[in-house]
Amino acid sequence: MSAPVIWILIPLVAGALILFFVPERLSAIVGGAVATVLALVAMIFPIDTALLISTLSIKISASVQVFGRNFSLNTADGTLLVIIYGLAALWFFGTQASGIANRFVSLGLIIVALLTASIAVEPFLYAALLIEMAAMLVIPLLVPQYQKPGRGVIRFIIYQTLAMPFILFAGWMLTGVEASPGDIGLTTQAGAMLGMGFAFLLGIFPLYNWIPMLGKEASPYVTGFLLWALPTFTVIFALGFLDRYTWIRTSPQLSGAIQLAGVIMVASAGLFAATQKHIGRIMGYAAIAETGLLILAMGLRSAEIVNVTFLLLIPRGLELAVWALGLSVIKREAFSLQFSEIRGLARKYPVAVIAIILAHLSMTGFPLLAGFPPRLAIWQELASQSLVTSFWVFLGLLGLLVSAFRTLAVFVMAEEKTAWSWNESWIQAGMLTIGVIGLFILGLVPQVMQPFLSKLPALFEHLSQ
Amino acid sequence: MLIVISCLIFFITALALVILKIYLPDARYAWLVAVGGAILALVSVFIWLAQTPFGISLPAWQPQTLFINPISFRADGLSWPYAVSISALVLAIMLTAVSRPVFVNSYTWAGTLALGGLGLLAVTADNPLTLLLVWAALDITELVTQLRSVDGPANNEKVVIAFSTRALGSGLLLWANIIGISTGSAFNFVSISPQSGLYLIAAAGLRLGVLPLHLPYSADSNLRRGFGTSLRFISAASSLVLLAHVPSESLSSSFTPVLMALAIIAATYGGWMWLRAPDELNGRPFWVIGIAALSVISALSGDSIGAVAWGCALILTGGALFLSSVQHPWINRAMLVGVFSLSTLPFSLTAGAWLNPLSFFAPFVIAAQALLTAGFVRHALRPSGRDSLESQPGWTHTIYPSGIILMIVMQVLLGLIGWDGAIKVGAWVHALLASLLTVGLVWATPRFRILNPVRAHWVTPSSARFGSIYEFFWGIYQNFGRLSQAIIATLEGDGGIMWTLLFLILFISLLTQGAP
Numbered sequence: 001m002s003a004p005v006i007w008i009l010i011p012l013v014a015g016a017l018i019l020f021f022v023p024e025r026l027s028a029i030v031g032g033a034v035a036t037v038l039a040l041v042a043m044i045f046p047i048d049t050a051l052l053i054s055t056l057s058i059k060i061s062a063s064v065q066v067f068g069r070n071f072s073l074n075t076a077d078g079t080l081l082v083i084i085y086g087l088a089a090l091w092f093f094g095t096q097a098s099g100i101a102n103r104f105v106s107l108g109l110i111i112v113a114l115l116t117a118s119i120a121v122e123p124f125l126y127a128a129l130l131i132e133m134a135a136m137l138v139i140p141l142l143v144p145q146y147q148k149p150g151r152g153v154i155r156f157i158i159y160q161t162l163a164m165p166f167i168l169f170a171g172w173m174l175t176g177v178e179a180s181p182g183d184i185g186l187t188t189q190a191g192a193m194l195g196m197g198f199a200f201l202l203g204i205f206p207l208y209n210w211i212p213m214l215g216k217e218a219s220p221y222v223t224g225f226l227l228w229a230l231p232t233f234t235v236i237f238a239l240g241f242l243d244r245y246t247w248i249r250t251s252p253q254l255s256g257a258i259q260l261a262g263v264i265m266v267a268s269a270g271l272f273a274a275t276q277k278h279i280g281r282i283m284g285y286a287a288i289a290e291t292g293l294l295i296l297a298m299g300l301r302s303a304e305i306v307n308v309t310f311l312l313l314i315p316r317g318l319e320l321a322v323w324a325l326g327l328s329v330i331k332r333e334a335f336s337l338q339f340s341e342i343r344g345l346a347r348k349y350p351v352a353v354i355a356i357i358l359a360h361l362s363m364t365g366f367p368l369l370a371g372f373p374p375r376l377a378i379w380q381e382l383a384s385q386s387l388v389t390s391f392w393v394f395l396g397l398l399g400l401l402v403s404a405f406r407t408l409a410v411f412v413m414a415e416e417k418t419a420w421s422w423n424e425s426w427i428q429a430g431m432l433t434i435g436v437i438g439l440f441i442l443g444l445v446p447q448v449m450q451p452f453l454s455k456l457p458a459l460f461e462h463l464s465q
Numbered sequence: 001m002l003i004v005i006s007c008l009i010f011f012i013t014a015l016a017l018v019i020l021k022i023y024l025p026d027a028r029y030a031w032l033v034a035v036g037g038a039i040l041a042l043v044s045v046f047i048w049l050a051q052t053p054f055g056i057s058l059p060a061w062q063p064q065t066l067f068i069n070p071i072s073f074r075a076d077g078l079s080w081p082y083a084v085s086i087s088a089l090v091l092a093i094m095l096t097a098v099s100r101p102v103f104v105n106s107y108t109w110a111g112t113l114a115l116g117g118l119g120l121l122a123v124t125a126d127n128p129l130t131l132l133l134v135w136a137a138l139d140i141t142e143l144v145t146q147l148r149s150v151d152g153p154a155n156n157e158k159v160v161i162a163f164s165t166r167a168l169g170s171g172l173l174l175w176a177n178i179i180g181i182s183t184g185s186a187f188n189f190v191s192i193s194p195q196s197g198l199y200l201i202a203a204a205g206l207r208l209g210v211l212p213l214h215l216p217y218s219a220d221s222n223l224r225r226g227f228g229t230s231l232r233f234i235s236a237a238s239s240l241v242l243l244a245h246v247p248s249e250s251l252s253s254s255f256t257p258v259l260m261a262l263a264i265i266a267a268t269y270g271g272w273m274w275l276r277a278p279d280e281l282n283g284r285p286f287w288v289i290g291i292a293a294l295s296v297i298s299a300l301s302g303d304s305i306g307a308v309a310w311g312c313a314l315i316l317t318g319g320a321l322f323l324s325s326v327q328h329p330w331i332n333r334a335m336l337v338g339v340f341s342l343s344t345l346p347f348s349l350t351a352g353a354w355l356n357p358l359s360f361f362a363p364f365v366i367a368a369q370a371l372l373t374a375g376f377v378r379h380a381l382r383p384s385g386r387d388s389l390e391s392q393p394g395w396t397h398t399i400y401p402s403g404i405i406l407m408i409v410m411q412v413l414l415g416l417i418g419w420d421g422a423i424k425v426g427a428w429v430h431a432l433l434a435s436l437l438t439v440g441l442v443w444a445t446p447r448f449r450i451l452n453p454v455r456a457h458w459v460t461p462s463s464a465r466f467g468s469i470y471e472f473f474w475g476i477y478q479n480f481g482r483l484s485q486a487i488i489a490t491l492e493g494d495g496g497i498m499w500t501l502l503f504l505i506l507f508i509s510l511l512t513q514g515a516p
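The listed protein sequences correspond, in order, to chains A and B. Residue 326 in this note's numbering sits at position 326 of the first sequence; the count goes up by one each step and never skips. Residue 274 in this note's numbering sits at position 274 of the second sequence; the count goes up by one each step and never skips.
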């Protein structure tokens with residue numbers, strides 16, 4: 001069996017089967033189990049390497065041809081698949097606690113499969129098409145049946161669709177750049193096209209305004225999943241570009257532009273978050289700031305780009321999952337996530353509130369929590385390059401911290417004599433507690449990620465040199 | 001390894017108490033377990049002296065190319081006095097617990113012991129990364145504990161504000177780290193860059209409520225004696241320890257006099273409010289601010305030993321006073337040893353303070369010190385409003401005083417043995433002037449109305465003057481909020497897509513112009 005069949009076709013089929021044949025109450029368990037098994041298979045069986053079990057020899061071949069296009073997952077991709085399907089399993093298991101319909105699990109599996117295909121497809125420019133398909137599949141999740149899509153959803157699909165032609169066009173121009181590397185004009189145009197494409201895909205300032213809008217109008221859990229999945233794969237896609245084209249990697253202008261885009265995202269998202277009064281929107285701004293940090297990491301003039309980027313990506317999945325699940329629990333009670341509606345809820349939903357606040361603090365880089373080590377690594381690299389850039393990033397994260405304090409204050413400001421009670425279900429409390437423990441583990445012993453991180457530089461050989 | 005042993009003793013004892021509380025809630029030996037653990041921990045900290053200085057590092061975070069400094073702890077002449085003070089405080093809290101009206105195993109005993117362990121980790125932290133982690137643990141512990149104990153929106157908000165200011169202090173330490181890295185220093189306490197020094201003082205000052213002056217602690221908390229005292233003092237010690245690591249080269253900055261002036265304002269304000277507080281528990285936040293400000297002043301004058309001395313005085317003299325809940329004339333008089341400890345007279349606990357000249361600021365520092373000492377005398381000799389041991393078993397009549405005596409003995413002991421600040425003659429002229437002024441204030445307190453205690457409900461966290469400063473900043477924040485809302489409304493409104501495309505084109509045209 002080939003790797004693309006296992007990690008692309010099987011989840012695609014499983015997603016479709018869950019949608020049509022699995023009852024809603026079981027979909028989370030089935031979807032989560034499928035993702036877990038895929039992660040375990042990726043961890044145990046190396047791709048393209050024969051594994052001898054007793055007299056049985058097992059080898060997962062690396063590639064498969066579909067309509068003349070090659071889908072290839074190599075040995076180095078194994079670690080990436082463990083991370084992707086491991087985090088996806090976390091999201092799917094959490095679905096039951098969040099109380100959203102089984103469409104999430106089925107479409108979620110299909111989305112993850114398509115996004116996995118985006119890192120496997122060759123020529124790799126086709127990834128833009130697969131990412132677009134995944135973005136379109138998110139729409140049924142974001143818009144409840146028989147309802148008109150909100151403004152945020154429309155903007156989301158407009159921007160994701162606009163990204164595709166820019167990237168395809170840039171790819172076409174890049175072949176010209178490879179043929180005549182001395183053509184500065186063509187190189188600049190190709191760079192600008194590529195930049196525009198990724199600006200739309202990643203939601204660079206000011207193209208990110210759909211994110212807080214979604215945070216307000218869509219289900220927090222679906223929004224969280226979207227904010228985890230799309231940027232994660234887009235970043236991997238972007239790292240592929242950086243790794244493949246030497247002139248992108250070595251251009252100080254482009255590196256400066258990437259850093260500038262990242263800094264503006266972190267600073268603006270943090271400062272905007274500090275003045276918000278809707279916790280769904282605040283999660284959106286935190287995700288924007290996190291994406292800004294990822295972009296900033298990609299712009300570092302350092303051999304540690306891959307390490308820093310994946311150090312950010314792994315906790316991001318956990319933070320957003322915990323945060324989104326907590327918001328889903330709160331939203332069942334409060335309907336709107338405005339500050340005026342959630343006041344004093346800490347005494348009714350202590351576990352959900354603790355999870356929300358810790359996930360939020362983690363994304364600000366609060367010590368002890370999962371987000372702290374990657375931010376420390378960024379400071380380490382960034383401070384030696386530019387103190388001004390470091391200051392703006394610091395300011396952005398401070399803005400996020402202020403929004404965390406305001407959220408906490410609103411949650412705990414219960415009226416006098418309000419007793420503490422516990423209104424989360426056992427499964428909600430269990431999932432949130434596991435997530436919170438995970439945040440602390442990644443914050444205190446980030447070396448638990450090292451077995452994965454140590455193998456990832458092999459994916460991007462040039463970037464790690 | 002000895003550091004780990006001491007901390008483990010605290011943590012294991014706390015765990016044992018929790019297990020006892022759950023499975024044997026009526027076990028009568030729980031208190032013995034608690035006291036036994038605290039005694040062992042104190043003894044183990046004294047054993048440190050045999051090996052000091054020594055350290056321990058945990059396995060480094062990976063990848064090591066990104067995380068240069070491992071989590072590490074070090075016991076030396078500056079951290080040991082804090083460690084012994086914290087251990088003594090925890091033991092004293094356990095010993096004096098016998099005087100509490102409800103004397104049963106509770107989670108507060110386990111909490112006190114766990115805080116003791118965390119406190120030891122904080123004061124022995126060997127680099128800012130380690131200190132940041134321990135600070136965060138302490139802050140979260142305090143936040144959860146306070147939120148569980150207060151009621152009403154206003155009190156809950158105060159708790160969050162206190163947590164916020166401490167977290168911002170941690171942020172300043174992180175910023176000092178960034179500055180250090182930018183100047184090429186490997187940010188540990190041995191090689192801190194001079195540019196980071198003032199940020200370290202500001203970080204500690206912000207966490208303590210000294211720079212700028214604010215009251216980080218809620219005065220309305222139900223956590224009064226016992227656990228409340230450990231929470232206040234261990235949290236303060238964890239911040240004060242940073243002052244001992246400030247490099248003297250960083251104090252030549254032009255900002256130093258400004259910080260010095262702010263610290264003196266905080267010390268004087270704290271001293272004044274402490275002197276006039278209706279009782280010691282209502283005045284405790286001012287005691288912490290006042291003594292912490294004196295520690296900051298010492299650090300700003302380049303005297304790290306003085307900073308440690310004031311930190312230990314805060315814990316030991318304050319601990320004796322705040323744990324003393326029973327009316328006992330003999331103990332009240334014994335507590336006046338604390339006056340000697342605060343006097344900076346030769347061979348006292350604080351004799352190492354003011355070794356460096358304070359120049360123009362000296363008279364103000366003397367005044368602040370005298371106010372705090374006079375307030376201590378007033379509260380130590382205050383006769384009313386305390387519990388009695390009458391209803392307690394006979395053995396408690398011996399155990400309870402031993403807790404207070406322990407704190408007093410430790411003050412004297414630290415003045416004489418074991419660390420860099422011991423057996424010092426010090427700035428005796430300064431000490432004499434402060435002592436004379438203290439005597440004058442003690443004499444004047446009952447005679448002049450302005451020095452009389454204020455009523456409890458008048459003791460507010462901030463005066464109107466300070467409130468107006470914070471209102472100014474709040475106004476700036478609100479204006480910024482309006483500006484950001486206007487930008488957001490534009491970008492998310494009907495014309496938002498056009499605006500965003502316009503911005504993008506501008507951005508790209510700027511970048512392509514910069515390209516060769």
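For every residue, glycine included, the Cβ atom is placed at its ideal position computed from N, Cα and C.
**Asked** Near A/Ala297, which residues of its chain fall below 7 Å by C-beta distance, leaving aside the five closest residues on each side in sequence?
**Response** Sequence index remark: in the first sequence, residue 297 of chain A carries index 297 (1-based). Excluding sequence neighbours, A/Ala297 sits near Ile305, Val308, Thr309, Leu312 and Ile378.
**Cutoff 9 Å: A/Ala192 Cβ touching any chain B Cβ** = The residue you call residue 192 of chain A lines up with position 192 of the first sequence. Closer than 9 Å to some Cβ of chain B, the Cβ of A/Ala192 qualifies, so yes.
**Asked** So, is the C-beta of B/Gly117 closer than 9 Å to a C-beta in chain A?
**Response** Against the second sequence, residue 117 of chain B aligns to sequence position 117. No, no contact with chain A.
**Prompt:** Thinking C-alpha only, which one of B/Asn177, B/Phe163 and B/Pro59 is nearest A/Leu444?
**Reply:** In the first sequence, residue 444 of chain A corresponds to position 444, counting from 1. Comparing Cα positions, the closest option is B/Pro59.
**Message:** Taking 9 Å as the threshold (C-beta atoms), are A/Met136 and A/Ala170 in contact?
**Reply:** By one-based count along the first sequence, residue 170 of chain A stands at place 170. By one-based count along the first sequence, residue 136 of chain A stands at place 136. Between A/Ala170 and A/Met136, the C-beta gap is not smaller than 9 Å, which leaves the two residues out of contact.
**Prompt:** From A/Leu73 to A/Met173, what distance separates their C-alpha atoms?
**Reply:** Position 73 of the first sequence holds residue 73 of chain A. Position 173 of the first sequence holds residue 173 of chain A. Cα to Cα, A/Leu73 sits roughly 26 Å from A/Met173.
**Prompt:** Taking the alpha-carbon positions, what's the A/Ile356 to B/Val160 distance?
**Reply:** Locating residue 356 of chain A in the first sequence gives position 356, counting from the first residue. Locating residue 160 of chain B in the second sequence gives position 160, counting from the first residue. Within the model, the alpha-carbon separation for A/Ile356 versus B/Val160 is close to 15 Å.
**Request:** Please work out which residues of its chain come closer than 6 Å, Cβ to Cβ, to A/Ala113, disregarding the five sequence neighbours upstream and downstream, and give them in chain order.
**Result:** Counting from 1 along the first sequence, the entry for residue 113 of chain A is found at position 113. Correct list, in chain order: Ile8, Pro11 and Leu12.
**Prompt:** CA-CA distance, A/Leu162 and A/Phe205?
**Reply:** Reading the first sequence from its first residue, position 162 is the one you call residue 162 of chain A. Reading the first sequence from its first residue, position 205 is the one you call residue 205 of chain A. Roughly 15 Å separates the two Cα atoms.
**Item:** Contact under 9 Å by Cβ, B/Met260 with B/Ile297
**Value:** Your numbering for residue 260 of chain B matches position 260 in the second sequence. Your numbering for residue 297 of chain B matches position 297 in the second sequence. The answer is yes: Cβ separation under 9 Å.
**Message:** So that I know if they touch, is there some Cβ in chain A lying closer than 9 Å to that of B/Leu168?
**Reply:** Counting from one through the second sequence, the residue named residue 168 of chain B turns up at place 168. Yes, its Cβ sits closer than 9 Å to a Cβ of chain A.
**Request:** Note down, in chain order, all residues in the segment 198 to 210 of chain A with a beta-carbon under 7 Å from any beta-carbon belonging to chain B.
**Result:** Answer in chain order: Ala199, Pro206, Leu207 and Asn209.
**Prompt:** Under 9 Å between C-beta atoms, does B/Asn177 make it to chain A?
**Reply:** As a first step, residue 177 of chain B is located in the second sequence; it is residue number 177 there, counting from the start. B/Asn177 counts as touching chain A.
**Item:** Inter-residue Cα distance where the pair is A/Val353 and B/Phe10
**Value:** The sequence position of residue 353 of chain A within the first sequence is 353, counting from 1. The sequence position of residue 10 of chain B within the second sequence is 10, counting from 1. A/Val353 and B/Phe10: Cα-Cα distance of roughly 30 Å.
**Message:** Quick check on A/Val66: does DSSP put it in helix, strand or coil?
**Reply:** If you number the first sequence from 1, residue 66 of chain A lands on position 66. Here A/Val66 sits in strand by DSSP.
**Segment limits, beta strand (DSSP E) that includes A/Ile53** = Here residue 53 of chain A refers to the residue found at position 53 of the first sequence. Leu51 to Ile53 is the extent of the beta strand (DSSP E) around A/Ile53.
**Request:** Rank A/Arg316, A/Gly256, A/Met283 and A/Ser336 by C-alpha distance to the C-alpha of A/Ser302 and give the top, closest one.
**Result:** As a working note, residue 302 of chain A is residue 302 in the first sequence. Per the Cα distances, A/Gly256.
**Request:** Return the chain-ordered list of same chain residues with a C-beta closer than 8 Å to the C-beta of A/Pro123, the five sequence neighbours on each side being excluded.
**Result:** Your numbering for residue 123 of chain A matches position 123 in the first sequence. Contacts found: Arg69 and Gly171.
**Message:** I'd like to know if A/Ile314 contacts chain B, where contact means its C-beta is closer than 9 Å to some C-beta of that chain.
**Reply:** Along the first sequence, one-based indexing puts residue 314 of chain A at 314. The beta carbon of A/Ile314 does not come within 9 Å of any beta carbon belonging to chain B, so the residue lies off that interface.
**Asked** What residues in the segment 297 to 310 of chain A bring their beta carbon closer than 9 Å to a beta carbon of chain B?
**Response** Of all residues in the segment 297 to 310 of chain A, only Ala303, Glu304, Asn307 and Val308 come within less than 9 Å of chain B when Cβ atoms are compared, listed by chain position.
**Message:** Taking a contact to mean a Cβ-Cβ separation below 9 Å, would you say B/Gly311 touches B/Tyr82 in this structure?
**Reply:** Looking up residue 311 of chain B in the second sequence gives position 311. Looking up residue 82 of chain B in the second sequence gives position 82. Yes. Within cutoff.
**Message:** Just to confirm my understanding: we take B/Leu491, look at its own chain, exclude 5 residues before and 5 after, and list those with CB closer than 8 Å. What are they?
**Reply:** By one-based count along the second sequence, residue 491 of chain B stands at place 491. Same-chain partners within the cutoff: Trp499 and Thr500.
**Asked** What are the boundary residues of the alpha helix (DSSP H) that includes A/Ser302?
**Response** Within the first sequence, residue 302 of chain A is the residue found at index 302, counting from 1. For A/Ser302, there is no enclosing alpha helix (DSSP H), since its DSSP letter is neither H nor E.
**Prompt:** What residues in its chain sit with their C-beta under 8 Å from that of B/Ala114, if we drop five residues either side in the sequence?
**Reply:** Here residue 114 of chain B refers to the residue found at position 114 of the second sequence. Once the five neighbours on either side are set aside, the close Cβ partners of B/Ala114 are Phe10, Phe11, Ala14 and Thr141.
**Request:** Check B/Ile68 in the structure and name its three-state DSSP category.
**Result:** If you number the second sequence from 1, residue 68 of chain B lands on position 68. It is coil, neither helix nor strand.
**Prompt:** Hey, out of A/Thr49, A/Leu81, A/Ala404 and A/Glu24, whose CA is closest to A/Met43's CA?
**Reply:** As a working note, residue 43 of chain A is residue 43 in the first sequence. Of the candidates A/Thr49, A/Leu81, A/Ala404 and A/Glu24, the one whose C-alpha sits nearest the C-alpha of A/Met43 is A/Leu81.
**Asked** A/Arg249 versus chain D: which residues are under 9 Å apart at the beta carbon?
**Response** Among the protein chains in the structure shown, which are A and B, there is no chain D.
**Asked** Does the beta carbon of B/Asn156 come closer than 9 Å to any beta carbon on chain A?
**Response** Numbered from its first residue, the second sequence carries residue 156 of chain B at position 156. At least one chain A Cβ lies under 9 Å of B/Asn156.
**Prompt:** Roughly how many whole angstroms lie between the Cα atoms of A/Ile131 and A/Gln428?
**Reply:** Position 131 of the first sequence, counting from 1, holds the residue named residue 131 of chain A. Position 428 of the first sequence, counting from 1, holds the residue named residue 428 of chain A. Rounded to whole angstroms, A/Ile131 to A/Gln428 spans 31 Å at the Cα level.
**Prompt:** Between the segment 141 to 154 of chain B and chain A, which residues of the former have a C-beta closer than 7 Å to a C-beta of the latter?
**Reply:** Flagged, chain order: Leu147, Asp151, Gly152 and Pro153.
**Message:** Taking DSSP's pairing of strands, which residues face A/Thr71 in a bridge?
**Reply:** Mapped onto the first sequence, residue 71 of chain A falls at position 71. According to the sequence displayed, residue 71 of chain A carries Phe and not Thr. Residue pairing by DSSP places A/Phe71 opposite A/Val64 and A/Val121 in a beta bridge.
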